[in-house]
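Visitor: In this note's numbering, the protein residues as written are 122 to 299. Structure incoming, see below.
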């Protein structure tokens, strides 16, 4: 029997450790030397984070301002005089608060509907069917908020990108979502 990548496996003394064959390291962070030397934030980097800003309800224009005479770079907005102002700006943002509340409401509603069945899981015999039903209902609870649409996942990912793994801890009927 010949394994895929057998030549490489043979060259590695038949060590089939996945890390020898698959690079799962994150992509390198961009470094703009001009921004390091002259200041500013590359507009392309801010644009690349737009799906994250939209998913959290944050308007990036509250943190960044256009740079006069240089559209490729942004400056920090006057609302950010120093690093310590970043966290309060984001936490007190009405869009972020509204987004967090809508997610909390959707998750609380889902939890209220399914908490007792989750607590009874150890006694059930059809765990695969129940797990699929819970994942589908969880994804359905978040879909109206547009949360799942913001981040496209590979087709091989489970619905909603949720990891499906069993737990060794028994569920508690007094558990809460928060």
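Glycine residues also receive a C-beta, built at the ideal position from the N, C-alpha and C atoms.
Is the region 170 to 187 in contact with the region 136 to 148, if contact means three or more CB pairs nearer than 8 angstroms?
Guide: As far as the Cβ criterion goes, the region 170 to 187 does not touch the region 136 to 148, which means the pair count is below three.
Visitor: Relative to the C-alpha of residue 191, which residue among 166, 209, 161 and 202 is closest?
Guide: Position 70 of the chain shown holds residue 191. Among 166, 209, 161 and 202, the Cα nearest to that of residue 191 belongs to 161.
Visitor: Which residue or residues does DSSP assign as beta-bridge partners of residue 263?
Guide: Residue numbering aside, residue 263 sits at position 142 when the chain shown is read from its first letter. Per DSSP, none; premise fails for residue 263.
Visitor: Is the CB-CB distance between residue 237 and residue 251 below 8 angstroms?
Guide: Sequence index remark: in the chain shown, residue 237 carries index 116 (1-based). Sequence index remark: in the chain shown, residue 251 carries index 130 (1-based). The answer is no: Cβ separation not under 8 angstroms.
Visitor: Let me know the secondary structure DSSP gives residue 209 once reduced to three states.
Guide: If you number the chain shown from 1, residue 209 lands on position 88. Helix at residue 209.
Visitor: Check residue 137 in the structure and name its three-state DSSP category.
Guide: Mapped onto the chain shown, residue 137 falls at position 16. Coil.
Visitor: Quick check on this structure: which residue in 187, 136, 221 and 148 has the alpha carbon closest to the alpha carbon of residue 176?
Guide: In the chain shown, the residue the question calls residue 176 occupies position 55. Checked all of 187, 136, 221 and 148; the closest Cα to residue 176 is 221.
Visitor: Opposite residue 186 in the DSSP bridges: which residues?
Guide: Here the question's residue 186 lines up with position 65 in the chain shown. For residue 186, which the question treats as bridged, DSSP gives the partners 196.
Visitor: Figure out for me which residue from 254, 263 and 187 has the closest Cα to the Cα of residue 168.
Guide: For the purposes of this step, residue 168 is taken as the residue at position 47 of the chain shown. Answer by Cα proximity: 187.
Visitor: For residue 178, which residues in the same chain have their Cβ closer than 7 angstroms to its Cβ, ignoring the five residues on either side in sequence?
Guide: Counting from one through the chain shown, the residue named residue 178 turns up at place 57. 216, 217, 219 and 220.
Visitor: Taking the straight line between their C-alpha atoms, what separation do you get for residue 261 and residue 134?
Guide: Start at 1 with the first residue of the chain shown, and residue 261 comes out as number 140. Start at 1 with the first residue of the chain shown, and residue 134 comes out as number 13. Their backbone Cα atoms lie some 48 angstroms apart in a straight line.
Visitor: Take the Cβ of residue 195 as the centre, count every other Cβ of all protein chains shown within 10 Å, and call the residue buried at 16 or more, exposed below.
Guide: Taking the chain shown and counting its residues from 1, one reaches residue 195 at position 74. So residue 195 ends up on the buried side.
Visitor: Please report how far the alpha carbon of residue 171 lies from the alpha carbon of residue 155, in whole angstroms.
Guide: Taking the first residue of the chain shown as 1, we reach residue 171 at position 50. Taking the first residue of the chain shown as 1, we reach residue 155 at position 34. Between residue 171 and residue 155, the C-alpha separation is close to 22 angstroms.
Visitor: Would you grab the beta carbon distance between residue 300 and residue 231 for me? Rounded to a whole angstrom, and I think it's under 8 angstroms.
Guide: Residue 300 is absent from the structure shown; the chain starts at 122 and stops at 299.
Visitor: Using the Cα positions of residue 212 and residue 206, report the straight-line distance between them to the nearest angstrom.
Guide: On the chain shown, residue 212 is found 91 positions in, with the first residue counted as 1. On the chain shown, residue 206 is found 85 positions in, with the first residue counted as 1. Taking the straight line from one Cα to the other gives about 10 angstroms.
Visitor: For residue 151 and residue 174, what's the separation of their Cα atoms in angstroms?
Guide: Numbered from its first residue, the chain shown carries residue 151 at position 30. Numbered from its first residue, the chain shown carries residue 174 at position 53. Their Cα atoms are separated by approximately 18 angstroms.
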